[in-house]
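Chains as they are written, first to last, in my numbering: chain G, 2 to 311; chain U, 2 to 311; chain X, 2 to 311; chain A, 2 to 311. All C-beta atoms in this analysis are idealised placements derived from N, C-alpha and C, irrespective of residue type, glycine included. Accompanying notes for the structure given below.
There are 4 protein chains.
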Amino acid sequence: MSPATYAFLGPEGTFTEAALLQVPGAVEATRIPCTNVNAALDLVRSGQADAAMVPIENSVEGGVTATLDAIATGAELRIIREALVPITFVLVARPGVEVSDVKRISTHGHAWAQCRRWLDAHLPDVDYVPGSSTAAAAMGLLAADAHYDAAICAPLVAAEQPGLTVLAENIGDNFDAVTRFILVGRPGVLPERTGADKTTVVVPLPQDRPGALMDILDQFASRGVNLSRIESRPTGQYLGHYFFSIDADGHAADARVGDALAALHRISPATRFLGSYPRVDKDITEVAPHTSDAAFASAQAWVEAILQGE
Amino acid sequence: MSPATYAFLGPEGTFTEAALLQVPGAVEATRIPCTNVNAALDLVRSGQADAAMVPIENSVEGGVTATLDAIATGAELRIIREALVPITFVLVARPGVEVSDVKRISTHGHAWAQCRRWLDAHLPDVDYVPGSSTAAAAMGLLAADAHYDAAICAPLVAAEQPGLTVLAENIGDNFDAVTRFILVGRPGVLPERTGADKTTVVVPLPQDRPGALMDILDQFASRGVNLSRIESRPTGQYLGHYFFSIDADGHAADARVGDALAALHRISPATRFLGSYPRVDKDITEVAPHTSDAAFASAQAWVEAILQGE
Amino acid sequence: MSPATYAFLGPEGTFTEAALLQVPGAVEATRIPCTNVNAALDLVRSGQADAAMVPIENSVEGGVTATLDAIATGAELRIIREALVPITFVLVARPGVEVSDVKRISTHGHAWAQCRRWLDAHLPDVDYVPGSSTAAAAMGLLAADAHYDAAICAPLVAAEQPGLTVLAENIGDNFDAVTRFILVGRPGVLPERTGADKTTVVVPLPQDRPGALMDILDQFASRGVNLSRIESRPTGQYLGHYFFSIDADGHAADARVGDALAALHRISPATRFLGSYPRVDKDITEVAPHTSDAAFASAQAWVEAILQGE
Amino acid sequence: MSPATYAFLGPEGTFTEAALLQVPGAVEATRIPCTNVNAALDLVRSGQADAAMVPIENSVEGGVTATLDAIATGAELRIIREALVPITFVLVARPGVEVSDVKRISTHGHAWAQCRRWLDAHLPDVDYVPGSSTAAAAMGLLAADAHYDAAICAPLVAAEQPGLTVLAENIGDNFDAVTRFILVGRPGVLPERTGADKTTVVVPLPQDRPGALMDILDQFASRGVNLSRIESRPTGQYLGHYFFSIDADGHAADARVGDALAALHRISPATRFLGSYPRVDKDITEVAPHTSDAAFASAQAWVEAILQGE
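Below is the structure:
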């Protein structure tokens with residue numbers, strides 16, 4: 002699969018574009034920045050883009066919630082790849098501005114939160130101006146009527162924009178911060194099974210069954226499928242109504258994973274499959290003998306023989 | 002299926018023959034009494050009998066343990082029918098003997114245990130002579146050298162044997178006592194699904210997995226399959242090594258039961274299927290919507306579509 | 002408890018102040034608006050305020066995540082009360098502005114998201130200007146250099162601010178939207194048990210124990226304690242490290258809840274107790290006989306007697 | 002504790018007496034053989050004996066079932082010690098009898114079953130005469146009117162009885178056969194905790210709660226308590242009504258075991274505690290940190306502090 006057109010959560014210069022550039026062929030491809038996750042995914046749904054790169058976990062751009070919700074509803078999509086990008090921040094301004102001149106800083110709220118310690122130490126009295134993204138905040142500095150002096154953004158923006166000067170680097174509180182991104186396409190043939198795969202599902206919690214969450218977790222556990230991520234999200238319908246977004250080790254083509262998916266569908270028929278794709282860390286999934294494909298095949302054959310009267 | 006030859010745990014006149022006579026056509030069929038459960042089952046295994054009637058639960062003949070063990074090993078067999086017989090006891094002797102004359106009573110140990118209260122009240126000083134079955138004890142009274150005066154047996158024996166007089170009826174401690182019997186044949190086409198079925202399995206407890214019993218029970222519970230009987234038996238190999246004999250509601254042709262069987266086979270590959278057959282009480286099994294055949298078919302189709310890239 | 006000074010997530014006129022005004026005595030009390038949840042909670046921690054009202058669930062102010070994180074770390078706090086406020090939105094502008102004049106709207110991002118349908122229908126080409134809160138966006142209209150024409154905010158702001166005109170009412174997509182708020186104080190004597198109580202805990206997921214989440218849920222389920230809310234939050238330490246914020250039915254003084262809390266502490270020693278307080282809906286919790294205080298007391302007495310050798 | 006009078010399942014010379022002789026001081030003590038398990042336990046209940054030794058598991062004397070049932074009902078008793086005896090069988094007869102002369106053999110039914118292979122090989126045509134115990138069968142050979150030629154019994158009987166000759170040794174099918182015995186006293190101070198202890202309970206399965214067995218097992222599993230034996234027994238009230246006899250690792254004075262006992266009492270209030278006593282194999286129980294006494298104490302203190310408002 003080699004899509005020629007990619008959407009991504011823009012603007013240019015965000016960590017998301019950095020993630021997209023990790024995809025083979027993306028450098029030469031058409032890359033369409035979008036103002037929000039929904040817009041990026043809609044380009045995929047409408048066929049205008051082959052796939053979209055969006056943040057899914059621990060992002061500084063606030064992408065997590067938006068992405069979790071956006072891929073959980075609307076026309077079905079498939080995650081076909083994941084990418085990790087280390088998150089570092091720089092403080093930028095127009096040439097000539099010193100750190101000591103800075104009175105008002107704009108950036109995305111999450112970036113602001115992640116640089117709090119540096120700011121408290123170096124600019125304790127600075128004011129915060131909310132921005133819709135780190136890159137937008139940075140670009141806004143170039144406008145004639147900019148009502149703030151500096152912005153916090155990704156190093157990529159600063160590197161690409163000659164009109165900006167870096168006042169300070171690595172100002173994030175957590176040097177190990179990383180954001181996970183996903184490349185999302187339309188339903189189709191799944192990426193091939195590699196043995197180091199991940200499967201993502203969205204499972205609405207049935208309301209009429211107490212203990213439903215334990216039942217859902219048990220479908221994985223009882224088949225030896227480990228979970229690497231589980232997040233709750235309100236469905237927005239009423240207080241206390243949730244869906245769970247889950248990453249499980251393994252590929253839908255693994256018998257134990259396919260069997261768990263079928264069980265989830267029975268418990269919660271609106272369960273949505275979001276894809277099986279290679280893990281970016283390439284960690285091979287360990288499989289206990291009794292949950293191997295061979296064990297499933299043998300068990301199936303045994304039951305078939307019983308039903309055939311053999 | 003209309004077998005012409007039945008084996009049963011004898012001798013004639015036991016509760017087991019009463020159970021066999023409930024089978025349509027059994028009155029006209031050849032009925033072979035056997036001295037023990039293994040012998041009866043071996044006639045089936047060798048083809049000399051079409052099926053064998055043996056006690057499985059709460060029997061006065063000690064059949065439970067023997068039967069559980071006998072069908073759990075050796076060449077595979079299938080339960081094709083169950084039968085219930087109320088258990089009542091009579092005290093019999095040769096004509097002319099009065100209750101007050103009785104000094105020594107013979108019967109099977111279980112029958113002795115079940116009449117303890119009556120004996121304490123009416124014959125507190127009587128001696129006990131072990132017998133291999135209630136019927137054998139009764140028939141032994143007719144021998145010239147009988148070294149006991151009376152026997153405890155089933156009413157059927159007394160009714161069929163003119164040489165015996167009933168000294169007392171209904172001498173069992175528990176008026177509601179009942180024994181469950183099973184009709185056992187060779188593997189073949191399963192009895193048709195009626196909606197009020199029972200499935201019997203033998204599951205050796207894997208030794209290398211703590212919590213294995215919970216795992217086994219969970220395979221039923223998580224698929225909405227109720228258990229009506231669960232009994233542990235030592236495998237005889239070493240202390241603490243067990244198998245479990247389990248009756249579950251439903252038929253192997255029910256998707257939820259078939260799926261649970263497959264799961265058991267994965268956890269404990271030596272799991273043995275002992276049959277799916279109509280319940281004698283004809284209680285229809287209630288099935289929750291999410292464990293119905295339709296739910297299983299829908300879930301299977303959903304996973305197939307995912308794997309096909311639809 | 003009758004605190005004289007309350008902090009709340011401001012500015013004045015937000016839904017949070019509406020929630021605070023539901024507290025008996027709050028109308029006469031000193032009410033300190035704070036710019037963010039952490040600031041409000043810090044006033045409580047430092048003793049400058051007796052309690053703080055902050056949004057916890059489904060808020061339009063983005064309070065959920067901030068609150069969940071803020072009460073999960075730092076000096077311990079206790080939830081002592083909850084409040085519900087229906088969420089409705091109005092579009093406001095300066096006098097003389099018509100809907101058709103509006104080119105740029107400011108509000109909090111969550112409010113923007115919740116009015117999307119009305120905006121698409123009535124102002125499809127309007128631009129969005131991020132605001133730090135709905136009330137701040139509304140008040141910003143009164144500034145001389147306001148770079149937007151209208152704001153989306155709570156009816157309370159518009160009602161209290163004569164310089165603003167309401168252009169449209171009830172513009173939220175979901176007419177049943179409601180936000181839950183909590184009143185947070187310092188640790189101390191718990192609110193009395195009413196039979197209709199809620200207990201909130203924060204449980205970090207132990208990393209070294211697979212199945213830990215199921216274990217945690219099982220501590221509630223096995224003691225008959227229902228959960229009304231469960232939300233995952235990243236701890237921020239590394240990808241895949243979560244804590245769970247959980248609301249359970251019942252009061253810590255209920256034996257089953259106290260016992261579940263102790264069990265959570267064993268599994269995850271950093272578990273944080275956030276309070277037991279009356280449910281705002283006054284729904285009495287149903288308790289099965291075997292999880293009643295009487296059952297716990299009887300079981301405890303039984304074990305004590307065994308250990309005493311009685 | 003040094004009881005001067007012991008009851009045991011007799012007659013003298015059975016494996017049970019061999020087990021009793023392992024108890025320090027038993028050689029000099031008064032030892033009362035009893036004809037059945039109930040009789041032995043009744044001597045303890047009435048105070049005529051200080052303790053009774055009876056078989057509990059895998060016995061050749063049929064003691065298992067009788068013991069399980071006898072200690073599960075009636076006045077409460079306590080297991081204070083366990084003992085293991087290897088099971089070997091000898092064929093005995095009166096002097097002058099050769100193996101080739103033997104036509105009829107008496108023994109207990111279980112012993113008969115365990116020597117089947119040797120008998121099939123050496124005496125294929127021999128008849129079986131049921132005996133109430135292996136020792137009784139052996140002693141019966143000395144009676145003038147013995148209607149059998151040989152008996153199968155324990156080596157101890159043959160060794161103590163000069164009137165009998167051993168025709169063959171080690172005739173059991175399973176050379177590793179072992180029986181576990183228990184020494185049973187009246188309720189009182191529990192044997193001291195050694196770190197290598199076992200706790201025995203009898204738990205009736207509540208009928209009105211589906212999944213009750215899983216709940217019961219979960220009370221152990223969720224507190225890290227391993228089970229070394231679990232056996233089902235019908236209560237005798239009606240088909241499908243069971244109790245479970247369970248051996249768990251640990252002592253009632255271990256916090257995790259005491260807590261599990263309390264939980265069992267809540268689920269099934271008729272749960273019966275049968276004792277905590279040292280394991281005969283002296284295997285130290287491994288305890289995970291989060292189920293240690295320290296973890297329980299810390300959790301309890303934490304909850305207390307919360308309830309005290311600290």
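CB contact check: residue i to chain U, cutoff 8 Å
i	result
Gly14 (chain G)	no
Glu77 (chain G)	no
Gly64 (chain A)	With a pLDDT of only 49 at Gly64 (chain A), under the threshold of 50, the placement of this residue in the model should not be trusted, and no figure is reported.
Ala249 (chain A)	no
Val226 (chain G)	no
Val93 (chain G)	no
Reduced DSSP category for residue i - H, G, I as helix; E, B as strand; rest coil
i	result
Ala151 (chain G)	strand
Glu311 (chain X)	coil
Leu168 (chain U)	strand
Ser299 (chain A)	helix
Ala50 (chain A)	coil
Ala213 (chain A)	helix
Ala253 (chain X)	coil
Ile285 (chain U)	coil
Thr17 (chain A)	helix
Gly63 (chain A)	Low local confidence applies: a pLDDT of 49 at Gly63 (chain A) is under 50, so the model's placement there is unreliable, with the coordinate-based value given in what follows. Coil.
Short CB-CB distance (under 8 Å) between residue i and chain G
i	result
Asp121 (chain X)	no
Ala144 (chain X)	no
Sequence-distant residues of the same chain with beta carbon closer than 6 Å to residue i, five excluded per side
i	result
Ile343 (chain X)	Residue 343 (chain X) lies beyond the residue range present for chain X, which begins at 2 and ends at 311; the question has no answer from this structure.
Thr77 (chain X)	Looking at the sequence provided, one finds Glu at residue 77 (chain X) rather than Thr. Result list for Glu77 (chain X): Pro188, in chain order.
Gly259 (chain G)	Ala253
Pro205 (chain U)	Phe244, Ser269, Ala271
Ala300 (chain A)	none
Beta-carbon spacing of residue i, residue j below 8 Å
i	j	result
Asp51 (chain G)	Ala5 (chain G)	yes
Asp150 (chain G)	Ala94 (chain G)	yes
Thr108 (chain U)	Ala159 (chain U)	no
Phe221 (chain U)	Leu214 (chain U)	no
8 Å Cβ cut-off: residues of chain X touching residue i
i	result
Ile231 (chain G)	Leu214, Ser233, Tyr243
Chain A residues whose Cβ lies nearer than 7 Å to that of residue i
i	result
Asp51 (chain U)	Per Cβ cutoff of 7 Å: no residues; Asp51 (chain U) is ~27 Å from chain A at best.
Short CB-CB distance (under 8 Å) between residue i and chain A
i	result
Trp113 (chain X)	no
Where residue i meets chain U, residues with beta-carbon distance less than 7 Å
i	result
Leu218 (chain A)	Leu214, Met215
Neighbour list for residue i in chain G, Cβ cutoff strictly below 9 Å
i	result
Ser133 (chain X)	Gly110, Tyr129, Val130, Pro131
Proximal residues of chain A, C-beta to C-beta of residue i below 9 Å
i	result
Gln162 (chain X)	Within chain A, no residue comes near Gln162 (chain X); the closest Cβ sits about 42 Å away, beyond 9 Å.
Glu311 (chain X)	Pro188, Gly189
Same chain, Cβ closer than 8 Å to residue i, five either side skipped, listed in chain order
i	result
Leu22 (chain U)	Val28
Where residue i meets chain X, residues with beta-carbon distance less than 9 Å
i	result
Phe1 (chain A)	In the structure displayed, chain A extends from 2 to 311; residue 1 (chain A) sits before or after that span and is not available.
Chain-order list of residues whose beta-carbon lies under 7 Å from that of residue i (same chain, five-residue window excluded)
i	result
Val38 (chain U)	Leu10, Val55, Gly64, Ala67, Thr68, Ala71
Pro235 (chain X)	His242, Tyr243
His291 (chain X)	none
Leu265 (chain X)	Val202, Val204, Ile217, Gln220, Thr272
Test: residue i CB closer than 8 Å to a CB of chain X
i	result
Ala254 (chain A)	yes
Ala222 (chain G)	yes
Under 9 Å from the C-beta of residue i: neighbouring residues of chain U
i	result
Ala73 (chain A)	Within chain U, no residue comes near Ala73 (chain A); the closest Cβ sits about 15 Å away, beyond 9 Å.
heavy atom of the ligand GDP below 7 Å from residue i C-beta
i	result
Ala151 (chain A)	Only the bare structure without any ligand can be found here, which leaves the ligand GDP out of the picture.
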